[in-house]
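Participant:
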Amino acid sequence: GCNPLAETGRSKLQNQRAVLNQQILRAVRMRAGAENLLRATTNNKVREQVLLELSFVNSDLQILKEELEGLNISVEVYQNTEETFSIPLVPLGLKETKEVDFTLPLKDFIQEHYSEDSSEYEDEIADLMDLRQACRTPSRDEAGIEMLISYFLQLGYVENRFFPPTRHMGVLFTWYDSFTGVPVCQQNLLLEKASILFNIGALYTQIGTRCNRQIKAGLENAVDAFQRAAGVLSYLKETFTHTPSYDMSPAMLNVLVKMMLAQARECVFEQIGLPGIRNEFFTLVRMTQEVAKVGEVYMLVYTAMNQEPVKENVPYSWSKLAQIKSDHYKALAHYFIATILCDHELQPGDDEDQQEKALSQLYDYMPEGLMVLTVLKDKVQRKQLGKAHLRKAIFYHEEALRVCGLCKKLRNIDVLQEVLTAAHKRSLLKYAQQETEDDFLSLIQAPDILPKTEHKIEASAPQFSKVKVKDFFHRLGPLTVFSAKQRWTAPRTICIHHKAGELGFSLKGGSPVQICCLDPVCSAASMGLKEGDYIVSVGGVDCKWLGVNEVLEKFKSVGEQPIEMEVISCQDTAASMHSKSATYSVGMQKTYSLICLAMEEDKIDHTKKSPLKLPFLSWGTKNRQKAASTLCLPSAVAGSSQTKKKLSPFTLLNSESSLY
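Residue numbers (the UniProt record's numbering): 1 to 660.
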């Protein structure tokens with residue numbers, strides 16, 4: 001990973017994010033304690049003091065939330081360093097986490113479950129912890145992506161090696177919400193995997209915004225990066241369906257996927273216009289439809305951002321920027337079609353039918369009394385409709401500038417103001433060049449433009465298989481046998497005395513090999529060898545990864561001399577599952593982040609119908625009804641959940657994976 005102490009703009013933002021997360025944590029703890037005191041006391045004077053304190057705490061939390069939003073809209077830090085005249089793109093900030101010490105839990109599990117000397121695996125545990133630490137500061141390039149994917153795949157091995165479904169390992173993972181700063185803590189490894197996936201998508205967005213949008217290759221890379229980001233976030237939404245964090249909730253991920261695809265669409269339009277837009281009839285028709293499509297997708301993003309339950313958590317400046325871009329690109333569409341009508345009169349040598357067909361594809365309907373062919377031939381009608389489109393373009397430009405001026409964060413982005421102002425002036429100049437005598441007589445309203453595109457933009461599915469990783473704990477044995485789900489006896493030493501090449505048993509299987517066709521009267525059987533035992537070592541040499549032929553060679557190499565081998569017997573793997581689990585956030589009150597996922601049987605009233613479980617936290621919905629102090633932090637949601645059986649030993653691609 002990158003040097004965490006490097007004084008780059010991106011590292012400074014991440015450091016500020018970490019500080020804000022801690023401040024939010026302290027404020028939330030204070031609020032939780034004050035709410036408990038408010039519920040416990042009956043003294044009116046104390047209640048007045050507590051209510052006053054709560055009002056200060058909530059004000060402080062609101063300020064901290066606004067500061068966090070300011071970090072999320074600090075888009076200029078992530079843009080390309082080259083001089084550019086383009087509207088900034090929005091990246092996602094990386095989720096912050098606390099350090100995790102795997103040493104004691106994994107060493108204890110190796111000693112207890114695998115019956116091996118855990119001190120021999122200290123280097124492997126250190127490698128795992130070093131990789132996780134490096135993933136906190138990944139470089140903003142393909143190497144950073146590959147490192148995050150490597151850790152994500154490594155977690156699949158770790159989950160199967162050390163995290164049995166019957167108990168918790170005592171490893172607490174803490175991740176901070178990238179939008180609210182509220183920490184979520186779980187002993188469930190799925191929280192770690194989901195958060196790493198989110199950071200992979202976020203890093204792709206940062207790579208996309210860093211691309212040089214003044215050259216073709218840079219725009220192609222930006223389109224690819226945003227499509228990959230959308231693919232990873234979509235995979236996260238489909239695979240981890242009940243995440244206890246706002247930024248990874250299905251509704252929020254749906255919005256983020258839409259936003260990334262919209263930014264990819266925007267880059268495609270910039271790529272089409274990069275060589276320059278020729279003032280030619282059919283070229284302008286094509287550009288009109290393409291830019292109208294960009295305006296349409298950004299309007300869909302803006303609509304999605306203003307829907308419950310994500311409305312309160314999406315940064316306000318993101319929502320306004322989506323609205324601004326929608327208005328800006330709609331204005332460009334009307335400007336292009338106005339240029340078609342005002343600058344390209346039908347000439348005798350022009351293909352009349354082709355122009356009529358092309359122009360008719362831009363409209364769903366024509367203003368009353370107008371026909372496409374008539375507009376093409378009639379100079380007056382052509383000018384009137386062109387000026388109507390210019391008025392519509394000016395209206396959208398002014399609306400974009402107005403919204404930009406009302407948002408403090410966007411108002412300070414100079415390049416955004418410059419692009420909007422330049423486009424507005426261009427439309428005003430075009431309108432001023434037209435004849436104005438008939439303005440008072442023209443009542444034509446410009447019709448809406450139908451968007452159309454020749455370029456398909458969709459999310460690119462993540463290709464984890466391209467990153468090759470080796471299981472750090474490969475020496476424990478094949479994962480199909482030596483996993484946390486399997487249970488065995490402790491290794492037993494069997495001394496074999498074979499004569500004339502007869503062992504008294506046969507071997508079968510791959511790695512490790514199994515005992516079969518055991519002669520019950522042979523010497524090995526008398527020493528405790530059983531049918532179906534796995535051979536883990538022969539003559540002191542580990543053979544978990546050896547096949548039948550290799551193990552037989554070990555026996556043959558000693559001739560008729562006695563040889564010792566270690567075997568294990570598989571036990572019944574059926575075990576009772578825990579009846580309860582919970583999402584726990586650093587010892588704080590459940591008024592804001594404790595979600596009980598299953599209740600104890602003796603505390604459930606079976607006569608009452610249990611309420612439906614919400615799929616993710618909702619900020620302050622319940623608490624606002626119960627206490628005036630809770631303004632913008634999450635309320636507790638209790639429900640029940642059933643532990644799902646995993647379909648395969650390797651759960652990376654298990655679509656049923658859940659954080660609940």
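Beta carbons: idealized from backbone N, C-alpha and C, even for Gly. Predicted model only: the values in this text are computed from it and were never measured.
Write down the C-beta distance between Pro183 and Tyr176 rounded to the nearest angstrom, noting that I regard them as a contact closer than 8 angstroms.
Facilitator: Their Cβ separation, rounded to whole angstroms, is 5 angstroms, which keeps Pro183 and Tyr176 in contact under 8 angstroms.
Participant: Between which two residues does the beta strand (DSSP E) containing Lys508 stretch?
Facilitator: Ser506 to Lys508
Participant: Of all the alpha helix (DSSP H) runs that stay within the bounds of the stretch 278-344, which reach a length of 4 or more residues?
Facilitator: Runs of the alpha helix (DSSP H) spanning 4 or more residues and lying entirely within the stretch 278-344 occur at 281-305 and 316-343, in chain order.
Participant: What three-state label does DSSP hand Gln214 in the structure shown?
Facilitator: coil
Participant: Quick one: what's Gln186 bridged to in DSSP?
Facilitator: Per the DSSP secondary-structure output, Gln186 pairs in a beta bridge with Phe173.
Participant: Taking the runs of the alpha helix (DSSP H) that are 4 residues or longer, which of them lie wholly in the stretch 395-458?
Facilitator: Entirely contained in the stretch 395-458, the alpha helix (DSSP H) runs reaching 4 residues are, in chain order, 408-411 and 414-432.
Participant: When DSSP labels each residue in this structure, what does Ser249 get in the three-state scheme?
Facilitator: coil
Participant: In terms of alpha-carbon separation, which member of Val28, Thr42 and Phe102 lies closest to Asn58?
Facilitator: When each option's Cα is compared against that of Asn58, the closest is Val28.
Participant: Tell me the start and end of each unbroken beta strand (DSSP E) in the UniProt domain "PDZ" (501-560) that is at least 3 residues and wholly inside, in chain order.
Facilitator: 506-508, 514-516 and 534-538
Participant: In angstroms, rounded to a whole number, what distance separates the CA positions of Asp533 and Glu159?
Facilitator: 25 angstroms
Participant: State the beta-bridge partners of Glu96 as determined by DSSP.
Facilitator: In DSSP, Glu96 forms no bridge with anything.
Participant: Just to confirm my understanding: we take Gly102, look at its own chain, exclude 5 residues before and 5 after, and list those with CB closer than 7 angstroms. What are they?
Facilitator: Per the sequence shown, residue 102 should be read as Phe rather than Gly. Only Ile125, Leu128, Met129 and Val171 meet the Cβ criterion.
Participant: Just mark residue 677 as buried or exposed, buried being the case when its beta carbon has 16 or more other beta carbons within 10 Å.
Facilitator: Since the first residue shown for the chain is 1 and the last is 660, residue 677 is missing from the structure and cannot be characterised.
Participant: I need the straight-line Cα distance from Ala490 to Glu116, nearest angstrom please.
Facilitator: 9 angstroms
Participant: Going straight from the alpha carbon of Val375 to that of Lys392, what length do you get?
Facilitator: 18 angstroms
Participant: If you follow the beta strand (DSSP E) that Met565 is part of, which residue opens it and which one closes it?
Facilitator: Element bounds for Met565: Ile563 to Ile568.
Participant: Taking the alpha carbon of Cys570 as the point to measure from, which residue in Cys185, Tyr365 and Tyr114 has its own alpha carbon closest?
Facilitator: Tyr114
Participant: Buried or exposed, going by whether 16 or more other CB atoms sit within 10 Å of the CB of Gly156?
Facilitator: Buried: at least 16 other Cβ atoms inside 10 Å.
Participant: To the nearest angstrom, how far is the alpha carbon of residue 676 from that of Glu454?
Facilitator: Here the chain comprises residues numbered 1 to 660, so residue 676 is not present and cannot be evaluated.
Participant: Check this for me: beta carbons of Glu418 and Lys325, under 9 angstroms apart or not?
Facilitator: no
Participant: Determine the DSSP secondary structure at Ile494, reduced to helix, strand or coil.
Facilitator: It is a strand residue.
Participant: Give me, in chain order, the residues of the same chain whose beta-carbon lies closer than 6 angstroms to that of Gln589; leave out the 5 immediate sequence neighbours on both sides.
Facilitator: Confidence at Gln589 is low in this model, with a pLDDT of 34, below 50, so the placement of that residue should be treated as unreliable; the coordinate-derived value is given next. Shown here for Gln589: same chain residues with a beta carbon closer than 6 angstroms to its own, the five before and five after excluded, namely Ala32 in chain order.
Participant: Can you say whether Thr243 is buried or exposed, counting buried as having 16 or more other CB atoms within 10 angstroms of its CB?
Facilitator: Around the beta carbon of Thr243, 16 or more other beta carbons lie within 10 angstroms, which makes this residue buried.
Participant: What residues match up with Tyr363 in a beta bridge as DSSP calls it?
Facilitator: Ile449
Participant: Would the stretch 210-223 and the stretch 190-200 be scored as touching if the rule is three or more Cβ pairs under 8 angstroms?
Facilitator: no
Participant: Which same chain residues, not among the five before or five after Glu345, have their C-beta less than 8 angstroms away from its C-beta?
Facilitator: Lys379 and Arg382
Participant: Which two residues bound the contiguous alpha helix (DSSP H) that contains Phe109?
Facilitator: Counting along the chain, the unbroken alpha helix (DSSP H) around Phe109 starts and ends at Thr103 to His113.
Participant: Would you say Leu420 and His389 are within 9 angstroms of each other, going by their C-beta atoms?
Facilitator: no
Participant: Nearest by alpha-carbon distance to Ile449: which of Asp364, Gly509 and Phe162 is it?
Facilitator: Asp364
Participant: Determine whether the beta carbon atoms of Arg282 and Gln384 lie at a separation below 9 angstroms.
Facilitator: With the sequence shown as reference, residue 282 is identified as Phe, and Arg is not the correct amino acid for it. No. Outside cutoff.
Participant: Check each candidate in Gln361, Tyr298, Thr209 and Asp60 and name the one with the smallest Cα separation from Ala229.
Facilitator: Thr209
Participant: Does the beta carbon of Arg210 sit closer than 9 angstroms to a beta carbon anywhere in chain B?
Facilitator: In the structure shown, chain B does not exist; there is a single protein chain.
Participant: Taking the C-alpha atoms as reference points, what is the distance between Ser55 and Ser234?
Facilitator: 39 angstroms
Participant: Taking the beta carbon of Ala524 as the centre, do at least 16 other beta carbons fall within 10 Å, making it buried, or is it exposed?
Facilitator: With 16 or more other CB atoms across the displayed protein chains lying within 10 angstroms of its CB, Ala524 is buried.
Participant: Going by alpha carbons, who is nearest to Leu106 out of Gly93, Tyr302, Thr97 and Asp123?
Facilitator: Asp123
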